[in-house]
Structure formats: C-alpha cells, structure tokens
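Engineer: Per the working numbering, the sequence shown runs over residues 81 to 683.
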Amino acid sequence: MPRAASCEIPVVARPDPQTEVARIGVESGGLGRRTLFISLLAIAIGVAAACIAQALLALIGLITHLSFQGTMGWTLADPAHNHLGPWVIAVPVAGALVVGLMARYGSPAIRGHGIPEAMEQILTNRSRISARVLFLKPLSAAISIGTGGPFGAEGPIIATGGALGSVVGQWVHITPDERKRLLAAGAAAGMTATFGTPLAAVLLAIELLLFEFRPASLIPVLAACVTAAGVRTLFVGFAPFFPMGALAWPHAPALLACAMLGAVVGLAAVLVTRMVYAVEDAFARLPVHWMWWPAIGAVAVGVIGWWQPRTLGVGYGNITDALSGGFIGPALWMLGIAKLLSWSVALGSGTSGGTLAPLMTVGACLGAVLGHAAAALFPQLGLDPRLAALVGMAAIFAGSSRALFMSVAFALETTRQMPGLLPLLIGCAMAYLVSSLLMRQTIMTEKIARRGVRVPDAYHADYFAQARVADYACLKPVALTAAQTLGQVRAWLDTEHPDSRHQGYPVVDAHGSVQGVLTRKDLFAHDADPAGEIGHLVRRPAVTIHADATLAEAMQKMAVWAIGRLPVLDDAQGGAELVGMLTRSDLLKAYREHLLDKLEHGR
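Encoded structure:
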C-alpha cells in the first residue's frame, strides 16, 4: 500500500507564467532586470518632475504678480507687498471660485493637499490616478496659491509628480506594485525639485507612500530624487532653501530643553490636526454644494490676509525669517496664529493646496516663541531661539504626519545646519511620542481612515520570509504510487490506519518522481473508475517546494497555483527526494507560534 517515497527525480523548469511570477516575487528584495527597467522610468520621471516643478513655481509667480501687483513676472512674489487695501479680500475669493468650478466639472481629485489622496490610490485603486489630475492639479494649485491661498507649492508639486508616475505606470505594461513605485518616485521627485532635499524625499516616500522598505522600491525612488536634485541645480544652484546663520553645537542643558520643546510641539501637532478636521466637518454641514466651500473659506483667508499680509501665498520667506531670527516679539506669535487660522480654514474648505510649508511656518514660529521665552527665563539652558525654531519646524510635521525621519532630514537638508542633528532627533522623537499617545490617526490619514481605508502604521520584517519550510513541514510523508488502483486506495482510506486520515497525498511514479497531489475529494469522485490507476487522476503537474525554501515562497506558490499543500523535496540530494508535505495548516501553525513568541517576550 502507500509507501514513503525516496527516489531521485529530475528538476524540470516550468515556463508557466504563474511560476515565473512566484519565482520573481521571492527574489531578494525583488531585484532584477525589472528593477533596472523601473529605475530607468523613474529617472525620466525625475527629469519631468523637476521641470514641472519649475514651471509650476513660475506659473504661481505669474498669477501672484497679476493678482496683487498688476504686473507681469515669473518669480515667486510676496503677496504681502500689495496696495489693494480691503480689496485684497476679493482676490482669494476669486481664485477659490475658479478652483471650485475646476473641482466640480474637471476632477474632484484636485481638492485637498495631495498626499492623502495619493495614499488612498495606492491602498485602494492599485496606484491608478486619472490623467486629468496631472494637468488640473498643478493648474488649480497655481490659481489657489497665486491668488493668496496660504499654501506652499510643494504639496501640489508632490501630488503632480505622483500623478505623473501613476500615469506613466498605466501607459507602460507593468504590475500594480511597480506602478506604486513609480507613483512614489514621482511624488518624491516633486518634493526634491521644490526644496532640493533628495534624502528627505526618499524618506517621505518610505514613511507615507511605499509602506515598505526594500531595495526594489528604494532604488527607483532614489534614482528619481537624485535626478530631480541634479536638474534642479541647473535652475537654482546649490544654496540651502532656508538659509540661516551658523548654529553652535548645543550642550546637554540645551538638549534637555529641546526634548521639552518637542513634547510641547507634539501636543500642538495634535491640536492642529484636530482643528483642521473640525473645520472640514463644519464645512460638511453647510447647506450648500461643496463647490462653493473654497470661496467661503477664502473670505476668511482674505480677511486674515488683510490683517496679516504675510499669511498670503507660499510664505517660504516667513520660515526663513523665523529660523534666522528675523521675527521677534508679537510679530512672531501673531504670524503663527494668523497662518494657522488662515491655512486650517482654507484646507478644511477643500481647496487645492498643501500642508508642509504652512505647518512648518506654524512650528517654526512656535519654536522661536518658546526659544525666546526659555532664553529670557532660563538663560542657563543656553538654548538658541534659532535652534528652537528649527526643532519646532521639524517637530510639528513629525507629530502631525508621523514622518519622523523625513522631518529630521528635511530640516537638515534645507538649512545645512549639522549642529541641529541631535536636537532635531530628540525634539522630533518627543513630538512623535506625544502624537502617538494622544492621536490614533494623523493629518495625512484621518481623511481616508474616515472612508474605511486602513493605513499601515508600522513596518515589520516578514516572519515568513525568514522561517524555513523544513522547520514546519510534516517530515514523514505518505505517498501513493501512480500504479495503484483507485479501489485499492479507497479501501485503504476506509481503514483506521493513522496515515489514512490525511486530506491530500503526493503521487509518485515507479521511479519515485512526484507526479502531483491528489486530495480525498479527487479520490472519492463519483465519476472515477475504481479499477483505473490513480496516476490518471492527476490533472496538473506537481508543484513542489524545497526544504530550505522559506515559508514566504511556499505561500506564494500556494496562492499562485490555488493549492493547499506542497510536496517538500530534499536539497541535499539535488532536489530529488520527497521528504515531507507542507499544508496551509502548517503555515497557520507557524504564524501562531510567531504570535505567541511576541506575547511571551512582551513585544
């Protein structure tokens, strides 16, 4: 009757595309020719994103000049230098009306600040973004920001770069996973093209878009960012985006102050996030179509802009002034409060804009205010208010978005102040901790979480990619021989023998080669001839796994071939000997042991 199979079998290469998918998917990090191909596409996207960024900045400059000065100009102008008086209120309202019309009759996807929308497309729509967004998003953002919207240009540029990557990924025949890499590469390239921060952009892609850390994803994103950074230097050179005077290396008391500062800014990040979504909820209760919300919000933007003109437009100069000590006293905290009010109302109204620059303006002002207070009340701490502003700028984004490492890298790359490294790490970590304790979602995930989309909040090493098949498979296989009749096998299955209770059996030929696997359902089929040999019941070639393979490889083969068990072959004999069987129950057992191990060690 059944016997243990122990014969050599040849290793047969199967050209079936499903097998190729399974093989490619378990390569180390997915590296291979496909990664090179995707990286080449990412380089092209990086060039395009850098050019789009410069074009969008120029368009924002043109609209700003026309709206506030009535002149022609392509550089980023400061809307604060206008002579419109109360009529300045009408400028943001006019721009918001146009954006509302574009959103309703063009594409609603242009609303918001871009990153949450890109996250949603990655998680729910296989990284597909409509080609219309590629054109309507930058145009709507240029109108919104150019007419005084309190946003930075980086958000729309990031969203446009992501849309470019997605559209290219839909034109070229690639997988959804590869399209996700191109989307992330385009978004990161857009950020790099704006600020000249390739490292921070790569970290942004990892922490907010890719939801993974592996070479196959990192290399295309890195290629796009490096390319965008290189192209950017042709337009603007190598100067830091936020220049500031050299900082001194801080001592221990100042580092302690940065920890406390980070905790306070983390609390502020929680309040700011809740404020933004409270405003959005308030707009949702208005008895008018959402097309009109941006115009309603723009009234507040205009009024605040009349009171505090520096809240209008991108406001990159405000961040530079806060970091370099250009603001002191009431002007500092009044700007921070006014910018927060203007931005939260505008963003909550659903217009087209971003979060990075406004948040960092608020954080830099808050950090500088606290730094000046600490310098006056506790001079023994030796805390430089400029360092406090730098920590506040980064910590508020780390707390509100949970992009911890991106926030640190961004502050360093935009200022080139290496003495700020340790204070930034301390302050951002504290803000991250406070935010994680007090707020479940972030400013990036709250909107899509309300729509029922689960966003990964942690990255773990794949346990199944480390565990070996040999450690979890049944190593006492019971095989049927192809020459046995079906009647003989059925009679044996009806006995009380322990080996007759399995749900599936490998079938071997006279030489011990595995022909396939038969289940009890196959063996008790009504249309099968009891006098026939069971080898004729095998309908598909054997799908096997080697003992030294990982459980991740086994899972992938099971999923691709839609099977529940795999014959395990011995690697020591060149893959010739059947040494075990791996079933779905064995995989569940491995996962259960992994969970118990985590609970046992308190992790």
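Cβ coordinates follow ideal geometry from the N, Cα and C atoms, glycine included. As the structure is a computational prediction, the values presented were derived from the model and not from experiment.
Gly228 to Leu139, Cα distance in whole Å?
Structural biologist: The alpha-carbon atoms of Gly228 and Leu139 are separated by roughly 13 Å.
Engineer: Could you check if Pro218 is buried or exposed, using at least 16 other CB atoms within 10 Å of its CB as the buried criterion?
Structural biologist: Buried, by the Cβ-count rule.
Engineer: Quick one, which of Met340, Gln583, Met271, Ala632 has its alpha-carbon nearest Val301's?
Structural biologist: Measuring from the Cα of Val301, the nearest candidate turns out to be Met271.
Engineer: How many Å lie between Phe117 and Ala133 at the Cα?
Structural biologist: Spanning the two alpha carbons is a distance of roughly 24 Å.
Engineer: Quick one: does the C-beta of Ala326 sit closer than 7 Å to a heavy atom of the ligand GDP?
Structural biologist: This structure does not include the ligand GDP; it has no bound ligands of any sort.
Engineer: If you count every other CB in all the chains shown that lies within 10 Å of the CB of Leu576, and 16 or more means buried, which is it?
Structural biologist: Note on residue identity: the sequence assigns Glu, not Leu, to residue 576. Label assigned to Glu576: exposed.
Engineer: Under the rule that 16 or more other beta-carbon atoms within 10 Å means buried, what is Ile408, buried or exposed?
Structural biologist: Label assigned to Ile408: exposed.
Engineer: Which residues in the same chain have their Cβ closer than 7 Å to the Cβ of Ala348, if we skip the five residues on either side of it in sequence?
Structural biologist: Once the five neighbours on either side are set aside, the close Cβ partners of Ala348 are Leu446, Ile476.
Engineer: Would you mind stating whether Ala454 and Gly472 have Cβ atoms separated by less than 8 Å?
Structural biologist: No, they are not a contact pair.
Engineer: By a C-beta neighbour count over all protein chains shown, 10 Å radius and 16 as the cutoff for buried, is Ala590 buried or exposed?
Structural biologist: When all chains shown are included, Ala590 counts as exposed.
Engineer: At the level of alpha carbons, what is the spacing between Trp423 and Gly192?
Structural biologist: Roughly 12 Å separates the two Cα atoms.
Engineer: Please classify Met524: is it buried, with 16 or more other beta-carbons within 10 angstroms of its beta-carbon, or exposed?
Structural biologist: With 16 or more other Cβ atoms within 10 Å, it is buried.
Engineer: If I measure Cβ to Cβ from Leu631 and keep anything under 7 Å in the same chain, skipping five residues before and after, which residues do I get?
Structural biologist: Answer for Leu631: Phe544, Ala547, Val549, Tyr552, Leu667, Ala670, listed in chain order.
Engineer: Just the C-alpha distance for Tyr357 and Gly430, rounded to the nearest angstrom, thanks.
Structural biologist: Distance between the alpha carbons of Tyr357 and Gly430 is about 11 Å.
Engineer: From Glu292 to Gly382, what distance separates their C-alpha atoms?
Structural biologist: One C-alpha to the other measures close to 42 Å.
Engineer: In the DSSP assignment, what residue or residues form a beta bridge with Tyr585?
Structural biologist: DSSP lists Leu598 as partners of Tyr585.
Engineer: Between Ala135 and Pro367, what straight-line distance do the alpha-carbon atoms span, to the nearest angstrom?
Structural biologist: Near 38 Å, if we compare the C-alpha coordinates of Pro367 and Ala135.
Engineer: Determine the burial state of Gln636: buried for a count of at least 16 other Cβ atoms within 10 Å of its Cβ, exposed for fewer.
Structural biologist: Looking at its Cβ environment, which holds 16 or more other Cβ atoms inside 10 Å, Gln636 is buried.
Engineer: Could you tell me the alpha carbon to alpha carbon distance between Asp542 and Ala296, rounded to whole angstroms?
Structural biologist: Answer to the nearest angstrom: the Cα atoms are 15 Å apart.
Engineer: For the structure I just gave you, are there three or more beta carbon pairs, one from the stretch 271–282 and one from the stretch 300–318, closer than 8 Å?
Structural biologist: A contact exists between the stretch 271–282 and the stretch 300–318.
Engineer: When you compare each of Ala198, Ser480, Gly451, Gly615 to Arg334 by their alpha carbons, which one comes out closest?
Structural biologist: Rather than Arg, the amino acid found at residue 334 in this sequence is Ala. The shortest Cα separation from Ala334 among Ala198, Ser480, Gly451, Gly615 belongs to Gly451.
Engineer: If we ignore side chains and look at the alpha-carbon of each, how far apart do Pro557 and Arg664 end up?
Structural biologist: So the alpha carbons of these two residues sit roughly 15 Å apart.
Engineer: Short check: CB of Pro374 to CB of Phe231, under 8 Å?
Structural biologist: No, these two residues do not count as a Cβ contact at 8 Å.
Engineer: Since I believe Leu262 is in contact with Ala122 (beta carbons under 8 Å), could you give me their beta-carbon distance rounded to a whole number of angstroms?
Structural biologist: That pair is a contact at about 6 Å.
Engineer: Going along the chain, which residues of its own chain have a beta-carbon closer than 8 Å to the beta-carbon of Ala339, five neighbours each way excluded?
Structural biologist: Ile506, Gly507, Met510, listed in sequence order.
Engineer: Less than 8 Å between the CB atoms is what I'm expecting for Ala264 and Ala233, so what's the real figure, rounded?
Structural biologist: Not quite, the Cβ-Cβ distance comes to about 20 Å (not below 8 Å), so this is no contact.
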